[in-house]
Every structure is written in C-alpha cells, then in structure tokens.
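These notes are about the structure you will find just below.
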Amino acid sequence: MTETAFLSHLTETLRGIEAEGLTKRERLILGPQGARVALGSGTAVNLCANNYLGLANHPMLVAAARQAMDAHGFGMASVRFICGTQDLHRTLETRLARYLGTDDSILFAACFDANGGLFEPLLGPDDAIVSDALNHASIIDGIRLSKARRYRYANADMADLEAQLQRARAEGARFVMIATDGVFSMDGYLAPLADIRALADRYDAVVMVDDCHATGFIGPQGRGTPAHFGVQADILTGTLGKALGGALGGYVAGPQPVIDLLRQRARPYLFSNALPPAITGAALAALDLVEQADDLRARLFENAAYWRAGLTDAGFTLLPGEHPIIPVMLGDARLAQAMAAELDARGVYVAGFFFPVVPRGQARIRTQMNAALTRADLDFALDAFRAAGRATGALA
Ligand SMILES: *Cc1c(COP(=O)(O)O)cnc(C)c1O
Numbered sequence: 018m019t020e021t022a023f024l025s026h027l028t029e030t031l032r033g034i035e036a037e038g039l040t041k042r043e044r045l046i047l048g049p050q051g052a053r054v055a056l057g058s059g060t061a062v063n064l065c066a067n068n069y070l071g072l073a074n075h076p077m078l079v080a081a082a083r084q085a086m087d088a089h090g091f092g093m094a095s096v097r098f099i100c101g102t103q104d105l106h107r108t109l110e111t112r113l114a115r116y117l118g119t120d121d122s123i124l125f126a127a128c129f130d131a132n133g134g135l136f137e138p139l140l141g142p143d144d145a146i147v148s149d150a151l152n153h154a155s156i157i158d159g160i161r162l163s164k165a166r167r168y169r170y171a172n173a174d175m176a177d178l179e180a181q182l183q184r185a186r187a188e189g190a191r192f193v194m195i196a197t198d199g200v201f202s203m204d205g206y207l208a209p210l211a212d213i214r215a216l217a218d219r220y221d222a223v224v225m226v227d228d229c230h231a232t233g234f235i236g237p238q239g240r241g242t243p244a245h246f247g248v249q250a251d252i253l254t255g256t257l258g259k260a261l262g263g264a265l266g267g268y269v270a271g272p273q274p275v276i277d278l279l280r281q282r283a284r285p286y287l288f289s290n291a292l293p294p295a296i297t298g299a300a301l302a303a304l305d306l307v308e309q310a311d312d313l314r315a316r317l318f319e320n321a322a323y324w325r326a327g328l329t330d331a332g333f334t335l336l337p338g339e340h341p342i343i344p345v346m347l348g349d350a351r352l353a354q355a356m357a358a359e360l361d362a363r364g365v366y367v368a369g370f371f372f373p374v375v376p377r378g379q380a381r382i383r384t385q386m387n388a389a390l391t392r393a394d395l396d397f398a399l400d401a402f403r404a405a406g407r408a409t410g411a412l413a
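Numbered per this note's numbering, the sequence shown spans residues 18 to 413.
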C-alpha cells in the first residue's frame with residue numbers, strides 16, 4: 018500500500034503514543050518461560066509472569082502435550098460443532114467442572130473469548146448486568162456485546178453495588194447478573210465475594226466471577242476465590258493461560274442450562290477453532306497436578322510473604338494483601354519506567370504500569386511471585402531492587 022492519508026493517520030497516532038511515553042516494547046525471551054528466562058542480554062529473574070505454580074515448563078505437562086499429539090494429532094481444523102470435538106475436549110470439560118464444583122463447563126480459545134461470548138446469549142434487553150469498575154477488559158467488551166442494560170459500581174464498593182442493584186430493580190430488570198473479577202490484577206485485591214453473594218441473594222441476582230488470577234492457587238486445592246470465601250458463584254470463567262499450565266485456553270463453568278445454551282449460541286465458541294490436543298491433553302495433566310499441589314501453593318505463599326517483607330524492609334511502599342501479585346507503588350510514571358530500566362540492567366525482569374492502565378499518580382511496578390522462584394532468586398532480586406531504588410531516587 019502506498020502512503021495514503023489513512024496510513025499517515027496511523028503513523029501520527031503511533032507518534033502520539035510514543036510522545037506520551039506509552040509505547041509497549043516486547044522483549045524477546047530466547048527459551049522457556051520460568052523463574053529465570055534467557056534474554057539477549059543474559060538471564061534474568063522473571064517477576065512478571067502469571068506462572069503462579071511454576072508449571073509453564075513443567076516436564077509432566079510437556080510430556081502430556083507430546084503424548085496427546087502422538088495419540089490425537091496436531092490440529093482440529095474445525096470448530097467444535099462441525100467436526101472439532103475429541104474425547105479430550107469433553108474429558109477436560111467434565112474434569113474442570115468436577116474441580117470447580119459445577120454441573121459442567123465449556124472450553125473457549127481463551128478466557129478473553131469466554132468473557133466475550135458469555136453475556137450476549139444469556140441476557141437480553143430486559144435484563145441488567147451490574148459490573149465492577151475495575152473488571153478485566155474482556156468482561157467490559159463482553160458486556161458491550163450483549164443487549165442487557167449496564168450498571169457499574171466502584172471497585173469492590175458494596176454500598177455502591179447495593180445502590181446499583183436497587184436501580185436495576187427499580188428500572189424493572191427481569192434478570193440481574195453481578196459480574197466481577199475474583200482478583201483485581203492491578204492491585205492483587207480479592208473481590209469481597211461473601212458480601213457480593215449476600216447482596217446477590219437479597220436482590221435475586223446471579224453472580225458471575227472471572228477467576229483468572231485465582232484458579233489453581235487461591236482457596237482449598239486452588240479452587241478459587243469462591244472456595245476461599247466459602248461461597249458459591251453461579252457462573253465462573255477462567256483461563257488455562259495462568260496457573261493451570263500457562264499455555265492457552267479459557268472456559269465457562271456453571272449450571273447445565275448455562276453451559277448448554279452457550280454451546281448453542283456463544284459466538285466465539287461457534288465461530289472459532291477447537292483447542293488442539295496438545296493443549297487439552299496437557300490441561301488434563303495440569304489439573305491432576307494442581308489438585309495435589311499443596312506443596313507448590315505453600316511455596317508460592319512463602320515466597321510472597323518473604324518478598325513482601327524484603328521489599329518493605331528495603332523501604333518500598335506496597336499495597337497490602339497476601340496475593341502473589343505484589344505492586345511496588347512509585348506514583349510517577351517516569352519513576353516507574355526508570356526503575357524498570359534499572360532493574361532490567363541488573364537482571365530482573367519486571368513490568369511498569371502507569372496511566373491509562375492504572376490511575377494517574379499511581380504508577381507502579383507490579384511484581385508477581387511464583388512457586389518456581391528460589392530463595393536465591395528472591396535475594397538476588399531484592400539486592401537489585403535496593404540498588405535500583407537508590408539509583409532512581411525511589412529510595413532515599
Ligand atoms: C488474563 C485474564 C483474562 C484473559 O485470559 P486469556 O485466557 O489469556 O484470554 C481474562 N480475565 C482476567 C481477569 C484475566 O486476568
């Protein structure tokens with residue numbers, strides 16, 4: 018395509034992103050995902066993966082993926098309903114449902130698709146969705162794709178949730194669904210599910226929880242935030258791309274009529290390819306492993322406690338909590354970027370977050386713990402944080 022007004026316009030937009038310091042640059046990792054990763058500049062301790070249980074390169078999952086490919090081939094070349102459903106898909110769907118304590122589940126290519134396809138078939142123009150303001154982009158998009166009326170409440174604010182439920186009821190909603198992340202990924206805060214459940218029961222609402230940053234490691238056997246709080250979510254969505262092996266894939270788990278209707282009507286399910294055998298086979302092995310992985314969960318939370326204490330001793334400001342998402346608050350976007358660069362030069366791989374991903378003035382480096390990180394990795398990273406903090410002025 019020759020230079021046109023259209024392409025000049027795009028180039029101008031890119032320049033604007035660059036001028037604001039918001040360009041995202043992708044680092045190349047030259048080997049597997051893990052506690053240490055190979056970068057062009059050498060190896061780095063990786064503190065920004067969602068690899069909570071350290072399974073992304075686990076030999077049992079690699080072997081299960083290989084074995085599934087040997088037995089079931091490489092690709093499906095079909096959506097599920099035409100000729101793309103293998104025994105592995107149904108085994109995984111029932112296995113996920115058993116793990117999560119629901120009637121059934123349905124697989125998607127990603128949780129982004131699960132959330133994108135969930136709302137539109139279940140709710141119509143007479144219905145209401147009451148959504149947390151900090152919900153994941155895929156929930157926001159999925160709600161936009163539905164015809165339901167939209168209500169938003171301030172993050173984890175139960176007074177506001179109640180006000181919005183009252184509004185939805187006063188405005189005559191037939192069915193009401195509350196949609197929330199189980200864990201808010203910028204802060205590592207858990208949604209107050211016991212209070213949400215109580216309000217849902219009072220206003221006769223269905224509770225939908227996206228548990229991407231919880232399934233596998235929060236709650237007994239890692240069954241997620243509802244299990245952690247001892248309450249029932251009506252509909253759960255989740256990912257195979259974080260603690261459950263880290264590859265790819267998403268799901269909705271819930272009551273049989275919900276799953277059955279999504280199988281008939283969810284557009285990302287109907288019009289997108291079936292997950293390949295390597296993924297479904299390895300996900301089955303991941304669930305077997307995760308259910309038994311109290312040792313990995315213990316190590317994950319030991320690491321999180323050690324890392325929090327080390328950063329606090331060093332003089333950094335953290336957000337409170339116990340989740341392995343541990344944000345180091347820096348305030349200024351430029352300071353967050355300078356810290357990330359200094360850490361990078363010292364062999365520590367982190368991600369800086371600033372506006373518009375988080376509110377202005379709340380720039381941060383979001384660190385994430387996992388079970389594969391050793392004490393030596395964490396001590397190395399703490400030394401680097403102290404040195405980078407002094408070099409940037411983040412620490413006195
Ligand atoms: C990561 C994430 C998703 C997207 O999951 P994918 O399977 O990677 O598409 C959706 N919701 C939340 C809350 C997430 O953290």
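Cβ atoms here follow ideal geometry from the backbone N, Cα and C, with glycine treated the same way.
Contact check for Gly267 and Cys128: beta-carbon distance about 3 Å, within the 8 Å limit, so the pair qualifies.
The Cβ neighbour count for Pro341, taken over all protein chains shown within 10 Å, is at least 16; the residue is labelled buried. Annotation: Arg280 to Tyr286 spans about 7 Å, alpha carbon to alpha carbon. The three-state reading of DSSP puts Ala127 in coil, since its state is none of H, G, I, E or B. Residue pairing by DSSP puts Ala55 in a beta bridge opposite Thr60.
Between His245 and Gly236, the C-beta gap is smaller than 7 Å, which places the two residues in contact. Shown here, Leu265 sits in coil according to DSSP, grouped into three states, outside any helix or strand. Bounds of the alpha helix (DSSP H) holding Ala300 are 294 to 308. The beta-carbon distance between Gly57 and Leu45, rounded to whole angstroms, is 6 Å. This is short enough to meet the 8 Å contact definition. For Gly236, the three-state secondary structure derived from DSSP is coil. As DSSP reads the structure, Pro344 sits in a beta bridge with Arg383. Short of 6 Å from the beta carbon of Asp158, and not among the five residues preceding or following it, lie these beta carbons of its own chain, in chain order: Gly133. Taking every protein chain shown into account, the CB of Cys229 has 16 or more other CB atoms within 10 angstroms, so this residue is buried. Looking only at Arg219, Ile123, Ala362, Asn63, the smallest Cα-Cα distance to Asp394 is reached by Asn63. Taking every protein chain shown into account, the CB of Asn290 has fewer than 16 other CB atoms within 10 angstroms, so this residue is exposed. Taking a cut-off of 8 Å for Cβ pairs, the stretch 183 to 193 and the stretch 204 to 211 do not touch, as fewer than three such pairs fall below it. Using a cutoff of 6 Å, the CB of Gly298 does not count as near ligand 1, since none of the ligand's heavy atoms is closer than that. In the three-state reduction of the DSSP assignment, Leu72 falls in the coil class. Contact between Ala326 and Ile296 does not hold, since the beta-carbon distance rounds to 37 Å and is not under 8 Å.
When the five nearest sequence neighbours on each side are left out, the beta carbons in the same chain lying within less than 8 Å of the beta carbon of Leu412 are those of Ala331, Gly332, Phe333, Arg403, Gly406, in order along the chain. Contact check between the stretch 352 to 364 and the stretch 213 to 232: fewer than three CB pairs, one atom from each, fall below 8 Å, which does not count as touching. Excluding sequence positions up to five before and after Asp120, its CB lies within less than 6 Å of the CB of Pro272, Gln273, all in the same chain and listed in chain order. Spatial neighbours of Arg169 in its own chain (CB-CB distance under 6 Å, excluding positions within 5 residues in sequence) are listed in chain order as Ser148, Ala150. Taking a 10 Å sphere around the C-beta of Thr21, we find fewer than 16 other C-beta atoms and assign the residue as exposed.
Boundaries for Met225: no alpha helix (DSSP H) harbours it, while the beta strand (DSSP E) harbouring it runs 222 to 227, taken from the DSSP string.
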